[in-house]
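Add 1134 to a position in the sequence shown, counting from 1, and you land on the number used in the working numbering.
Below is one structure; the comments refer to it alone.
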Amino acid sequence: MGPNARYAGLLLGACAAVASAQPRLDPGDQANKPAEIMPLAASTLLLDIARAGDRLVTVGWRGDILLSDDLGVSWRQAESVPTRTMLTGVFFVDARDGWAVGHDETVLRTTDGGETWQRVYFAPQTQQPLLDLWFADRDHGIAIGAYDTYLTTSDGGLSWTSQKFAALPLAAATSEDEFAPDYHLNHIAAANGKLYMAAEAGHLYRSDDGGRNWRTLPSPYDGSFYGLLPLEGDGLLAFGLRGNLWRSNDAGLTWSQIETHTTAMLTDAVRLADGTIVVSGLSGVLLVRLAGSSGWTLQQQADRKGIAALAPLSDHAVVAVGEAGVKRIVLGERP
């Protein structure tokens, strides 16, 4: 979101939201300078986190990419990152192969678990960010972003194709495509052979064929969605503005609202190994539904700093990244 959905709320308290050829670039441009090694990088704004095998990788402010090989106890910066552009999303398909996206439609690629990165796509003329990405395997991936930006690759991210995002109504398989009016595409998630996208202005989408075709899902409210968490079977959580949290048991066809007792923007969700679900938000919000329970509890962090993304550690802990950098949180402990 330009500012992007995750950090706009963190910085401003509000949400805002081709080709593979590279243009000639100003060598003085910050986007073309390597990320600086900073002693307090783990305490600066971080926007997403992913697992690369046993390693944790987080990305954020000024091209910062940090690595942890001890479950988030200690962090070090990747020493070869070719940009100082804000990075907004990161995804790995295995312990070595991963990608990160960010402003100016930047895409970075690593083949060594995040130690070194190569910029494989860059479109500063668009003046808009990529916000999230997903890969089916080492070759086939999708990157999404502001103003319905939708990029695809079939060669591991070495080249990308930009296309106009379009979605059919779910029940009208033979009707013409409906083009989204430049909505921000905020989050993409996969489960059980389906892809889901959360978008601006109450829009939700599903693909049953790996992203080749998309359908618009019925939406339970008009506010923006910032994330989705697939659950067992066709279960699905969707979340966004003003504490809105919704559950579907039929792959997004119908929805029921979950009471959260917060009006904070909700930003991410993870499921732990034992089935516990944790949802994060601005103002230090953590919503927790313990395994075997139907109720949710609010575990707000004392610093009230916005949390942008989560990674599960164990049945009782997560790593959170956001406005205050990165920290480990044990569920149930006094925040």
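All C-beta atoms, glycine included, are put in the ideal place defined by N, C-alpha and C.
It should be emphasised that the depicted structure is a prediction, and the values quoted were computed from it without experimental measurement.
By the C-beta density criterion, D1182 is buried, having at least 16 other C-beta atoms within 10 angstroms.
Of the other Cβ atoms in all chains shown, 16 or more fall within 10 Å of the Cβ of N1378; this residue is therefore buried. One Cα belongs to H1321, the other to P1173, and the distance between them is close to 31 Å. Within the same chain, and ignoring the five residues on either side of A1325 in sequence, the residues whose Cβ sits closer than 7 Å to its Cβ are P1364. Per DSSP, the continuous beta strand (DSSP E) segment holding R1243 begins and ends at 1240-1244. Contiguous alpha helix (DSSP H) elements confined to the segment 1169-1232 do not occur, taking only those with 4 or more residues. The C-alpha of E1457 is placed about 27 Å away from the C-alpha of L1370. Secondary structure at G1377: helix, using DSSP grouped into helix, strand and coil.
If only uninterrupted beta strand (DSSP E) runs of at least 3 residues are considered, those enclosed by the segment 1269-1339 are 1275-1279, 1284-1287, 1300-1303, 1319-1325, 1328-1333. Around Y1317, the same chain offers D1282, A1333, E1334, A1335, H1337 as residues with beta carbons nearer than 7 Å, after the five sequence neighbours per side are excluded. When DSSP reads this structure, G1459 sits in a beta bridge with G1456. Setting aside the 5 residues that flank it on each side, A1229 is surrounded in the same chain by A1186, G1187, G1247, each with a C-beta closer than 6 Å to its C-beta; the list follows chain order. Bounds of the beta strand (DSSP E) holding V1404 are 1400-1405.
Looking from the CA of I1199, the closest CA among Q1259, T1178, L1465 belongs to T1178. Under DSSP, S1341 forms a beta bridge with L1329. Secondary structure note for P1258: it is in no beta strand (DSSP E), with a DSSP letter that is neither H nor E. The straight-line gap separating the alpha-carbon atoms of V1452 and Q1164 is approximately 33 Å. Contact between the segment 1385-1403 and the segment 1431-1440 is established, with three or more Cβ pairs separated by less than 8 Å. In the displayed model, A1436 falls within coil according to three-state DSSP, outside both helix and strand. Using a 10 angstroms sphere on the CB of D1402, the tally of other CB atoms reaches 16 or more, which defines it as buried. Here F1225 really is in contact with G1232; their C-beta atoms are around 6 Å apart, less than 8 Å. By the neighbour-count definition (other C-beta atoms within 10 Å, threshold 16), V1241 is a buried residue. Taking a 10 Å sphere around the C-beta of D1343, we find fewer than 16 other C-beta atoms and assign the residue as exposed.
Separation of the CB atoms of G1275 and W1268 is rounded to 6 Å, and the pair is thereby assigned contact status at 8 Å. Out of S1214, F1373, S1341, the CA that lies nearest to the CA of Q1252 is found in S1214. Distance check between R1346 and each of Y1360, G1361, G1367, T1286 places T1286 closest, using alpha-carbon atoms only.
In this structure, T1394 places its C-beta atom within 8 Å of the C-beta atom of W1430.
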